[in-house]
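Letter by letter, the sequence shown follows residues 176 to 547 of the numbering used here. Yeah, the Cβ is synthetic: ideal placement off N, Cα and C, and Gly gets one too.
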Amino acid sequence: MRSRWNDAEASQLHGLDLLVYASRLVGAETALVIWGGGNTSIKTRERDHRGREIPVLRVKGSGSDLKSVQRKDFPGVRMDDITALLDRSEMGDEEMVSYLAHALQEPGGVRPSIETLLHGFLEAPAIVHTHADAVVSLTNNDRAHDVVQGVYGKDVIALAYRRPGFKISRDVADAIAERPDAKALLLERHGTITWGATVREAYEGTIELITRAEDAIAERKKGRRVFGGARVSVLEPAARRQTALAVAPRLRGALSRSRRVLVGFDDSPDVTEFVSSADACARLADRAGDSGSHDLRQAASVLRRRDRRRGAGSLVPDRSSARSRASSPATHATSRITASKALSCSIRCRGSCSCRVSACSPPGKIGARPGS
Ligand SMILES: [Zn+2]
Numbered sequence: 176m177r178s179r180w181n182d183a184e185a186s187q188l189h190g191l192d193l194l195v196y197a198s199r200l201v202g203a204e205t206a207l208v209i210w211g212g213g214n215t216s217i218k219t220r221e222r223d224h225r226g227r228e229i230p231v232l233r234v235k236g237s238g239s240d241l242k243s244v245q246r247k248d249f250p251g252v253r254m255d256d257i258t259a260l261l262d263r264s265e266m267g268d269e270e271m272v273s274y275l276a277h278a279l280q281e282p283g284g285v286r287p288s289i290e291t292l293l294h295g296f297l298e299a300p301a302i303v304h305t306h307a308d309a310v311v312s313l314t315n316n317d318r319a320h321d322v323v324q325g326v327y328g329k330d331v332i333a334l335a336y337r338r339p340g341f342k343i344s345r346d347v348a349d350a351i352a353e354r355p356d357a358k359a360l361l362l363e364r365h366g367t368i369t370w371g372a373t374v375r376e377a378y379e380g381t382i383e384l385i386t387r388a389e390d391a392i393a394e395r396k397k398g399r400r401v402f403g404g405a406r407v408s409v410l411e412p413a414a415r416r417q418t419a420l421a422v423a424p425r426l427r428g429a430l431s432r433s434r435r436v437l438v439g440f441d442d443s444p445d446v447t448e449f450v451s452s453a454d455a456c457a458r459l460a461d462r463a464g465d466s467g468s469h470d471l472r473q474a475a476s477v478l479r480r481r482d483r484r485r486g487a488g489s490l491v492p493d494r495s496s497a498r499s500r501a502s503s504p505a506t507h508a509t510s511r512i513t514a515s516k517a518l519s520c521s522i523r524c525r526g527s528c529s530c531r532v533s534a535c536s537p538p539g540k541i542g543a544r545p546g547s
């Protein structure tokens with residue numbers, strides 16, 4: 176993975192402005208995060224409401240996207256309130272959210288990320304956390320620990336999957352305290368945590384981590400049939416685009432019944448290799464639930480519910496999936512993923528697909544009414 180850091184652009188930036196810059200670089204890389212995913216932080220010193228200079232964590236807030244994040248999207252959380260939580264062994268999500276709301280520099284402002292304590296419990300001045308594809312590729316299997324060791328040796332700590340919240344934040348802090356020489360930490364089936372004395376160090380640490388993963392994956396892929404090999408040939412680019420133009424309005428219309436959505440089209444080499452493969456839908460799309468990602472879990476559950484209630488062939492979301500999508504930006508992003516996969520697969524399958532995922536129904540059966 177190529178570093179997008181540009182000295183000419185970054186040289187005039189400091190503090191929170193530099194964090195905004197680096198965060199947008201992370202957000203620009205869809206292999207690192209999708210909409211709303213991942214978060215970044217710095218530790219700084221600011222004046223509190225009484226004018227005292229105090230340590231403050233500036234961390235990405237909920238509901239913003241790294242790609243377009245702004246200064247206002249980084250709420251300040253008083254570090255003294257965060258480190259006080261190190262005395263505790265457990266804390267529920269609701270209590271944690273309520274507690275952090277009382278620790279804000281700007282009361283009533285943007286809610287800090289649910290993963291705030293991942294940042295606040297670490298001493299490093301700058302932290303980057305991503306949901307990188309490469310890490311999910313390395314760790315979505317039952318040999319994750321050995322695979323990570325083989326790729327990174329002792330440079331990187333790997334922690335078994337645990338849902339985001341207080342406990343995983345404690346585990347990360349404890350693991351890094353035990354291994355102060357480690358360069359980064361992988362959360363299996365979840366993502367990366369890199370840190371540094373500067374924002375640039377934390378950012379470049381992520382790029383290096385992912386590059387090593389990508390190299391290892393490419394090496395392992397050599398001479399092997401990926402996804403069971405090609406099942407059908409890939410259409411020429413012009414034909415792919417023509418098909419997408421025909422399908423996209425219907426797909427968007429179907430998905431927009433409860434709430435308007437955007438449908439993305441991606442026919443990059445990786446995507447076309449996947450959707451034209453023998454295993455595309457029947458094995459891999461159905462295994463999305465194995466991921467620790469909220470987005471992929473949601474996508475899988477929506478697909479399964481729809482399969483059960485409506486049978487294959489419909490892309491109309493059921494009421495529960497619509498509620499889920501409306502409830503959080505992360506699940507809104509899911510609809511984009513699902514739509515993208517469905518569109519890509521439909522373009523390839525052209526009705527001949529035998530996959531078990533209803534989103535892969537042929538174009539002629541997709542959607543009930545045009546998009547609004
Ligand atoms: Zn995360």
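Consult DSSP for residue i and reduce its assignment to one of helix, strand or coil.
{"i": "residue 451", "result": "coil"}
{"i": "residue 373", "result": "coil"}
{"i": "residue 340", "result": "coil"}
{"i": "residue 357", "result": "coil"}
{"i": "residue 244", "result": "coil"}
{"i": "residue 206", "result": "coil"}
{"i": "residue 405", "result": "strand"}
{"i": "residue 412", "result": "helix"}
{"i": "residue 551", "result": "In this structure the chain extends from 176 to 547, so residue 551 is not present and cannot be described."}
{"i": "residue 287", "result": "strand"}
{"i": "residue 267", "result": "coil"}
{"i": "residue 295", "result": "helix"}
{"i": "residue 545", "result": "Note on residue 545: pLDDT 28, under 50, position unreliable in the model; no value is reported."}
{"i": "residue 177", "result": "coil"}
{"i": "residue 238", "result": "coil"}
{"i": "residue 211", "result": "coil"}
{"i": "residue 195", "result": "helix"}
{"i": "residue 187", "result": "coil"}
{"i": "residue 320", "result": "helix"}
{"i": "residue 307", "result": "coil"}
{"i": "residue 441", "result": "coil"}
{"i": "residue 428", "result": "helix"}
{"i": "residue 387", "result": "helix"}
{"i": "residue 396", "result": "helix"}
{"i": "residue 435", "result": "coil"}
{"i": "residue 226", "result": "coil"}
To the nearest angstrom, how far is the alpha carbon of residue i from that of residue j?
{"i": "residue 452", "j": "residue 402", "result": "6 Å"}
{"i": "residue 281", "j": "residue 428", "result": "40 Å"}
{"i": "residue 257", "j": "residue 356", "result": "24 Å"}
{"i": "residue 383", "j": "residue 395", "result": "18 Å"}
{"i": "residue 231", "j": "residue 286", "result": "15 Å"}
{"i": "residue 446", "j": "residue 409", "result": "11 Å"}
{"i": "residue 406", "j": "residue 399", "result": "15 Å"}
{"i": "residue 294", "j": "residue 216", "result": "7 Å"}
{"i": "residue 174", "j": "residue 441", "result": "Given a span of 176 to 547 for the chain in the structure shown, any question on residue 174 remains unanswerable."}
{"i": "residue 190", "j": "residue 198", "result": "12 Å"}
{"i": "residue 180", "j": "residue 208", "result": "17 Å"}
{"i": "residue 413", "j": "residue 263", "result": "59 Å"}
{"i": "residue 233", "j": "residue 361", "result": "22 Å"}
{"i": "residue 332", "j": "residue 200", "result": "24 Å"}
{"i": "residue 424", "j": "residue 432", "result": "13 Å"}
{"i": "residue 289", "j": "residue 279", "result": "14 Å"}
{"i": "residue 220", "j": "residue 334", "result": "31 Å"}
{"i": "residue 177", "j": "residue 437", "result": "28 Å"}
What residues match up with residue i in a beta bridge as DSSP calls it?
{"i": "residue 231", "result": "219, 253"}
{"i": "residue 362", "result": "334, 366"}
{"i": "residue 301", "result": "217, 371"}
{"i": "residue 279", "result": "252"}
Under the criterion of a Cβ to heavy atom distance below 7 Å, does residue i qualify as lining ligand 3?
{"i": "residue 430", "result": "Looking at this structure, you won't find ligand 3 anywhere; what it does contain is ligand 1."}
Check whether the Cβ of residue i lies closer than 8 Å to any Cβ atom in chain D.
{"i": "residue 207", "result": "This model lacks chain D altogether; it includes just one protein chain."}
Do three or more CB pairs link the segment 374 to 384 to the segment 295 to 313 at distances below 8 Å?
Touching, yes, given that three or more Cβ pairs across the two stretches are closer than 8 Å.
Please write down, chain order preserved, every residue whose beta carbon lies under 6 Å from a heavy atom of ligand 1.
Taking each Cβ in turn, the ones that pass are 290, 304, 306, 339, 365, 366.
Specify whether the segment 216 to 231 and the segment 319 to 337 touch according to this definition: at least 3 beta carbon pairs, one from each stretch, less than 8 Å apart.
A contact between stretches requires three or more CB pairs, one per stretch, nearer than 8 Å, and the segment 216 to 231 fails this requirement with the segment 319 to 337.
Using 8 Å as the cut-off, can you tell me whether the segment 303 to 316 makes contact with the segment 357 to 369, which would need three or more C-beta pairs spanning the two stretches below that distance?
By the criterion of at least three beta-carbon pairs nearer than 8 Å, the segment 303 to 316 is in contact with the segment 357 to 369.
Determine contact between the segment 266 to 278 and the segment 242 to 249, defined as no fewer than three beta-carbon pairs at a distance below 8 Å.
Because the criterion of three Cβ pairs below 8 Å is not met, the segment 266 to 278 and the segment 242 to 249 do not touch.
Sufficient close CB pairs (3 or more, under 8 Å) joining the segment 341 to 352 to the segment 260 to 268
Counting Cβ pairs under 8 Å, three or more are found: they touch.
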